[in-house]
Every structure is written in structure tokens, then in C-alpha cells.
Amino acid sequence: MGAEAKVLPSGVGEPAILDGAIVIGAGAAGLAAAHALARAGVTVQILEREGRLAEPWHRRHDNLHLNTHRDLSALPGVSYPAGTPAFPHRSAVIRHLNDFAQTHRLPISFGIGVDKIDFRDDHWLLRTNVGLMAARYVVIATGRDRQPFIPAWKGMEDFSGSIIHSADFGKASDYAGKKVLVVGAGNSGFDALNHLSRVETNQMWLSARNGPSLLPKRIRKIAVH
17 MGAEAKVLPS GVGEPAILDG AIVIGAGAAG LAAAHALARA GVTVQILERE
67 GRLAEPWHRR HDNLHLNTHR DLSALPGVSY PAGTPAFPHR SAVIRHLNDF
117 AQTHRLPISF GIGVDKIDFR DDHWLLRTNV GLMAARYVVI ATGRDRQPFI
167 PAWKGMEDFS GSIIHSADFG KASDYAGKKV LVVGAGNSGF DALNHLSRVE
217 TNQMWLSARN GPSLLPKRIR KIAVH
């Protein structure tokens, strides 16, 4: 893969410039971008804030499945193993991301978060939690929805119950005997409803701005998600 980007402590000048690309984020998009760059002969280094691959998938609830078909979600050159369900369990997604990184020997530096990026004439200067790094090119692959968002609803400070983002859903059994309001009728909302329907909640409601568009997972043998 060539040389790696060097880290220089802040306040000690500027680091040597990596004549290639730094990819920020080692999720599916970051891994795929790094692989494509490496195949094109570009020296690449991946920076990942977390301590391991697929950390968001590790944190999600135990029953989570990918909501897109495995054949539409596999990364280049690495297929899901035979026997994997059409909509893989989160554990299969975690294995897939790790298999892809290992198969293509992608250079990943864990525990490095990028706080600021500045352009300097012919290169980019990155300020990270471990110091300064520099490269000719930067690919930002941190994800559109990396940070869970809960709106500031009027009166929520007086609500005595728990307000939980779907990212922190936990186990459906935790909601047994409780009154539950699910806000939102997208993929995450219906995923939560699907699991909640299997436990005895006290009451359950769905609040949605618009009516949901419902499609089956398959039409005959064809996956439509």
C-alpha cells in the first residue's frame, strides 16, 4: 500500500505530506473508497475514530438486520458466505466489513479522530486527536447519520419517562409492560415496531408525519428492498 501518513504533535511545524489520500472513516463507504484508490495506484491511509471496525453495528440491538439485500450491499470482491440470509444479521455485516478490510489488506489507523481540515497550497492539513497529518487528497467518509438526533420537543424536560433514540433501542424485552410511543415511520421506526410487537407492552402508538410507504421484502422470489 506504500507509505503511511506521519503524525506530528501540534505546535512542532507541519508533518511530511503523504503523496496520496487519507480516508476519514472506516465504514462501508470509507473501506470501498480506499480499496478503489489503492487499485488505481493511489497510496491510501484510513483513519478511524473508533477502536475497531463496524463499531456502530456492534452497538445496535441484537435483532438488527440489514434492510437491503445482501447482493446489493456486498463490498467489491468479497461476497457474503453461502447460507447468509437475504437480509443479513448485524453479526454478518460486522464479519463482512472485517473480511473486506483483511482480504484487501487495507491500512487502517484506529483511535484517530479528525477535528479540523485546512487546505495549504497543494495539500490538506488534518488536525487530529493525536497530532497533525498531511496528504494531497482527503476523502470524508464519516457517514451522514453518524450522530443520533433527537429533536428538542416542547415539554420534553418535564417528561418523566425515557426518551430513547432507535440507535439505543436495546432489547425488546426491556419495554414489556410499558407504554411506548414510536416517533417516525421510516426503516428504523418500523424495525422498532416489529420487535416491540413480539413483547407484551402496556400500550403502543406510532406517530408519523406522513403515511408510510409499505413494500414487501419480496415479490415472488425477487427482493425489492
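For the record, in the sequence shown the residue sitting at position 136 is 152 according to our numbering, with numbers rising by one throughout. Each residue gets a CB set at the ideal place from its N, CA and C atoms; glycine is no exception.
- Here DSSP, grouped into helix, strand and coil, assigns residue 73 to helix.
- No residue range can be given for residue 158, since it is assigned to no alpha helix (DSSP H) and is classified by DSSP as neither H nor E.
- Classified as exposed, residue 197 has fewer than 16 neighbouring CB atoms from the shown chains inside 10 Å of its CB.
- Contact between residue 182 and residue 208 is confirmed by a C-beta separation of about 6 Å, below the 8 Å threshold.
- Residue 220 is bridged by DSSP to 196.
- In this chain, residue 129 is not harboured by any alpha helix (DSSP H), its DSSP state being neither H nor E.
- Per DSSP, residue 81 lies in no beta strand (DSSP E) and is assigned neither H nor E.
- Each of 58, 38, 56 and 90 was checked against the Cα of residue 109, and the nearest Cα belongs to 90.
- With a threshold of 16 other beta carbon atoms within 10 Å, residue 163 falls short and is exposed.
- Per DSSP, the continuous alpha helix (DSSP H) segment holding residue 110 begins and ends at 106 to 119.
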